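The block underneath contains the structure these notes are about, expressed in structure tokens.
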Amino acid sequence: MELDPTSMKPVINRIKRAQGQLAGVLRLLEEGRDCEDVVTQLAAVSKALDRAGFAIVASGLQQCLTEGDGDVDSLDVKKMEKLFLSLA
-14 MELDPTSMKP
-4 VINRIKRAQG
6 QLAGVLRLLE
16 EGRDCEDVVT
26 QLAAVSKALD
36 RAGFAIVASG
46 LQQCLTEGDG
56 DVDSLDVKKM
66 EKLFLSLA
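The numbering of the sequence shown is this note's numbering, which starts it at -14 and goes up by one.
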């Protein structure tokens, strides 16, 4: 299944923000900043990426349900479940 680039725009923006946050984490490490500051920023990056992943899986599931042939049995439930759980 291919993702619709238009519906992925918010996810793309979220990942770009996470990319900026990750650059900030690297900068903090290079400057020898406080451990708590580094871990706090790293946790924010991790959460942003997790949310992006969940949004991608949710979008894919929605596409399967709305564009499919209406046969729930043809939906690869196990595959979608595996993708979802890989983010947990």
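In this text, a Cβ means the ideal position worked out from N, Cα and C, and glycines have one as well. Predicted, not measured: the structure shown is a model, and the values here were computed from it.
query	result
The segment 17 to 30 / the segment 64 to 72 touching (three or more Cβ pairs under 8 Å)	no
Bounding residues of the alpha helix (DSSP H) (the contiguous stretch that carries Gly9)	Lys(-6) to Glu15
Proximity of Gly83 and Leu(-12) at Cβ, strictly below 9 Å	No information on residue 83 is available, as it lies outside the stretch -14 to 73 that the chain covers here.
Pairwise C-alpha distance: Phe69 and Asp51	A small correction: the amino acid at residue 51 is Thr; Asp does not occupy that position in the sequence shown. Each residue's Cα considered, the two are about 18 Å apart.
Short Cβ contact (9 Å threshold) for Val30 with Ala3	yes
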